[in-house]
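Q: So the sequence shown is residues 1 to 819, counted in the UniProt record's numbering.
Take this structure first; my questions come after.
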Amino acid sequence: MSNVQNMSLEDIMGERFGRYSKYIIQERALPDIRDGLKPVQRRILYSMNKDGNTFDKSYRKSAKSVGNIMGNFHPHGDSSIYDAMVRMSQDWKNREILVEMHGNNGSMDGDPPAAMRYTEARLSEMASYLLTDIEKQTVPFAWNFDDTEKEPTVLPSAFPNLLVNGSSGISAGYATDIPPHNLSEVIDAVVYMIDHPTATLEKLMTFLPGPDFPTGAIIQGADEIKKAYETGKGRIVVRSLTSIETLKGGKKQIIVKEIPYEINKATLVKKIDDVRVNNRVPGIAEVRDESDRTGLRIAIELKKEADEETVLNYLFKYTDLQINYNFNMVAIDNFTPRQVGLKKILKSYVNHRQEVILARSQFDKNKAEKRLHIVEGLIRVISILDEIIALIRSSDNKSDAKENLKISYNFSEEQAEAIVTLQLYRLTNTDIITLEEEEASLREKIATLSAIIGDEKTLFNVMKKELREVKKKFANPRRSELQAKTQSIEIDTASLIVEEDTYVSVTKAGYLKRTSPRSFSASDVEEVGKREDDELIFLEQAKTTQHLLLFTNFGNVIYRPIYDLSDIKWKDVGEHLSQSITTFSTDESIIYAEIIDDFEKQAMTYFSVTKKGQIKRFERQELTPWRTYKTKAIKYAKLKGDDDEIISISPIVLEDLMLVTNKGYALRFGVDEVPVVGNKAAGVKAINLKKNDFVVGAFKVTSENMFILTQRGSLKKMAVNLIPKTSRANRGLQVIRELKAKPHRVFASGIITAKDDLIDLFSTETSEEKELLEVISQTQEKYSVNLATLPQSERTSNGSFISDTISEQEVLSVRLVRK
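This is the structure:
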């Protein structure tokens, strides 16, 4: 029981996750600042080098290499090892490849590589420079996972691989994104840093001005590069290299020759083609991927009337033809993840190489001194050869001969061993010359190595010389073009919209869509797709260049450009506002909708009336599209309490307004009495309500008659002149007679359109249209009344019941329709 520990779950989870995090950070996802490699990459290179799978030998099956790596150094899945190996062989991911591969190693289109049983691999010549001198005790080694072999914890790294090939990875709490750079520029910066340890970032950037992606493209933003090199964080713009070609017939095409780093070419081509299919920008006729073995080429063929600058700017802004690359330069430095700038990376590399060269020089010096000691012994032997032979012949065995040599001639153990194992042919006259030459060479070598070990300046000269050799052997021109300023993309939104005829429909519950004339004409209006409990409140012919405003009963206004509406068949339900407007409530409904051409040119004033009797006027310009219109509505009226709502909203010029309350009061006044206020204001009092009374109808007085429907199903037509025009905030006159038993209460009220104004929305001809009041009772009985046939009633009349049974059933809902 002594091994049982009592610990809280919190402590256990914290301790275990801490250990896991430490492992992930140090042993998996982040590169070492010195050699720029993650552990799996280091193990791949070391194992392949150890097995002799190098650039100067033939290729070997990838599966064999992966097996050796997994069995000896990396106890994880073979796919993780093979994926890392493949990535190191992809010249569109690495500025300088470290593994050469025969066979399918994937593509820029995101195609997977062939299985490892089919491909062959070997180290590249460049990789050999990462491993140079590893056998000379230049780097620390550690036991592998089963303590059977040792593996290096870092590679000697004869060039600054972290900057040359960059790195990306995600670990626990850390992520890294270091872009690739040009080998020649990086080495120039390192050499300058060796000579000038306190060099400024500005000076270093004259040698290393910015990243150099293997896929080329254009990098914009010198200030951001400087910021990233200073702090380890920054954001640059990477733009595709494009040109315009002229085709026959005056047509043009955009040619893309280089795309941003780590962008999937097939996905990019598909996204550009989606822009064409969805007509997001006018003028794209065809998109083709014409890439072949000679290089990348994407052709975007334009229509004759297309503006290539507009198309190109749109593609830069809304596709991955232009991206933002985010620097996040995090590396493992002294077993700790750190966000590092350029100077820190270069200093850490120089310090690492200093240690490597020092360790290598000491190793070589020790080896040379051992050999010199033996050579000195052999030279001495040749001068007393006869005595030595006689001594050996008189000895009992090898061991005895060695002891006699050590005692009689004062040879060391190592010299004695070399003498007794000496081959007879080495005793020729010419061999003494060779030995003497070797002695001189060894003394010179030891002197040189001693100078490197003892003098820092000499060591740094060796370091610079070796770096320049790498540069001379592998230097290649910069691929990415650097531009100091980021070009802002300006698009005239109007030029992107293809003008098309369409039909826009809106339902009370908030479903909206645009429908092509073809789909609309193929169906009857009544066949509109909607929920059974919903109703169509707006249907109008429009153009995709126009704008739609939707007003809700909660005082919110929603803006949609017509072209942005989903193109949906007439018989389909449409898109609900809650899919995009995060603030649209389940019990919110649309009460008014309209289409506008231009907010500035079509100046208009609206009025809105609330259930609690507030009224306001506000300008259309207040509703000019706002920045967050895609996801948020804005207020056009402020409500007083959760039980308040908008009863009526409509544009108004100089008409009179009529308000009717639930208890049967009607008030008429001129709209000029209502002040124009901001769209967020609550407004002013419209009518003086009795206790527990509320407004049920508010409408413009545009014709001679109005209707009043009570909750008991009694309906009447009344001349609006029976309500004389007074002023705002009065009580008004009663339009129903008060009864003690089962009193009538106004359920709905509105203007009755004059017969001459009844025009079909979709026809230029006046027709035999009827304005019908459709009433549904609490028992779901449906009634329809032609308002034109109603007899005129007095102001205090309660009207006539629309059926014999309606009074008992009472009214559930009502709507005004034309048929």
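Even for Gly, the Cβ is constructed at its ideal location relative to N, Cα and C.
In angstroms, rounded to a whole number, what distance separates the CA positions of S488 and A175?
A: So the alpha carbons of these two residues sit roughly 29 Å apart.
Q: By the DSSP assignment, the beta strand (DSSP E) with P625 in it spans what residues?
A: Segment: none, P625 is in no beta strand (DSSP E) and carries neither H nor E.
Q: Measuring CA to CA, which of S580, R122, K367 and S21 is closest to K61?
A: For the residues S580, R122, K367 and S21, the minimum Cα distance to K61 belongs to R122.
Q: Specify whether the region 222-234 and the region 274-283 touch according to this definition: at least 3 beta carbon pairs, one from each stretch, less than 8 Å apart.
A: Too few Cβ pairs lie closer than 8 Å, so no.
Q: Relative to the C-alpha of P791, which residue among S800, E438 and L208 is closest?
A: Of the candidates S800, E438 and L208, the one whose C-alpha sits nearest the C-alpha of P791 is S800.
Q: Please return the same chain residues whose Cβ sits closer than 7 Å to the Cβ of V269, not counting the five positions on each side in sequence.
A: For V269, where only same-chain residues beyond five positions count, the Cβ hits under 7 Å are V287, D289 and I298.
Q: For F669, name the three-state secondary structure that DSSP assigns.
A: Here F669 sits in strand by DSSP.
Q: Is the beta carbon of N68 closer than 9 Å to that of N144?
A: Contact: no.
Q: Based on DSSP bridge pairs, tell me the residues matched to R235.
A: Paired residues: N326.
Q: Alpha carbon to alpha carbon, what distance is there between S807 and F538?
A: Near 31 Å, if we compare the C-alpha coordinates of S807 and F538.
Q: Buried or exposed: which applies to T789, given that a residue is buried once 16 or more other Cβ atoms fall within 10 Å of its Cβ?
A: It is exposed - the Cβ of T789 has fewer than 16 other Cβ atoms within 10 Å.
Q: Which partner residues of M101 appear in the DSSP bridge assignment?
A: A121.
Q: Three or more C-beta pairs under 8 Å: does that hold for the region 188-196 against the region 134-148?
A: No: the two stretches stay apart, fewer than three of their Cβ pairs being nearer than 8 Å.
Q: How many whole angstroms separate the CB atoms of D567 and R514, which I take to be in contact at a CB cut-off of 8 Å?
A: With a Cβ gap of about 6 Å, D567 and R514 count as contacting.
Q: Where does H373 sit, in a helix, a strand or coil, going by DSSP?
A: Helix at H373.
Q: Taking just the CA atoms, how far does R43 sit from E185?
A: Cα to Cα, the separation comes out at about 28 Å.
Q: So P260 packs on S291, CB below 8 Å; how close in whole Å?
A: Contact doesn't hold; Cβ gap of about 15 Å is too wide.
Q: Return the CA-CA distance between S767 and G555, expressed in angstroms with no decimal places.
A: The predicted model places S767 with a pLDDT of 46, which falls under 50 and marks its position as unreliable, so this point remains unresolved.
Q: Identify every residue that forms a DSSP beta bridge with I332.
A: The partner list for I332 (beta bridge, DSSP) reads D32 and P337.
Q: Counting Cβ pairs closer than 8 Å, one from the region 366-385 and one from the region 400-419, do we hit at least three?
A: Yes: at least three Cβ pairs fall under 8 Å.
Q: Since D83 is in the beta strand (DSSP E), which residue starts that stretch and which ends it?
A: No beta strand (DSSP E) contains D83, which is instead part of the alpha helix (DSSP H) from D78 to R87.
Q: Closest by CA to G221, which one among I453, G110 and V238?
A: For G221, the nearest C-alpha among the options comes from V238.
Q: Which of helix, strand or coil does DSSP assign to H547?
A: Of the three classes helix, strand and coil, the one that applies to H547 here is strand, per DSSP.
Q: Tell me the rounded alpha-carbon separation between T583 and T552.
A: The straight-line gap from Cα to Cα measures roughly 12 Å.
Q: Which same chain residues, not among the five before or five after M1, have their C-beta less than 8 Å away from its C-beta?
A: With a pLDDT of 49 at M1, under the threshold of 50, the modelled position of this residue cannot be trusted, and the question is left open.
Q: Can you tell me whether T458 is helix, strand or coil according to DSSP?
A: Looking at T458 - three-state DSSP - the assignment turns out to be helix.
Q: Looking at C-alpha atoms only, which residue of P160, L536, R479 and P517 is the closest neighbour of S589?
A: For the residues P160, L536, R479 and P517, the minimum Cα distance to S589 belongs to L536.
Q: With a cut-off of 8 Å, do at least 3 Cβ pairs link the region 495-514 to the region 384-400?
A: Short answer: they don't touch.
Q: CB S167 to CB N49, shorter than 9 Å?
A: Contact flag unset, no.
Q: Look up Y606 in the DSSP assignment and give the residues it is bridged to.
A: Looking at the DSSP assignment, Y606 forms a beta bridge with F618 and P651.
Q: Excluding the 5 residues flanking S521 on each side, which residues of the same chain have their C-beta closer than 8 Å to its C-beta?
A: Correct list: empty, nothing qualifies.
Q: Mind checking whether V660 and I591 have CB atoms under 9 Å apart?
A: Taking 9 Å as the Cβ cut-off, V660 and I591 do not qualify as a contacting pair.
Q: What residues match up with H576 in a beta bridge as DSSP calls it?
A: Note: H576 sits in a beta bridge opposite Y511.
Q: By alpha-carbon positions, which one of R479, G750 and L155 ends up nearest to D212?
A: Cα-wise, what sits closest to D212 is R479.
Q: Please name the residue, chosen from N476, I382, K64 and E456, that lies closest to L435 on a Cα-to-Cα basis.
A: Residue I382 is the option with its Cα nearest to L435.
Q: Please work out which residues of its chain come closer than 7 Å, Cβ to Cβ, to Q41, disregarding the five sequence neighbours upstream and downstream, and give them in chain order.
A: So the list reads A84 and M88, once near-sequence residues are dropped.
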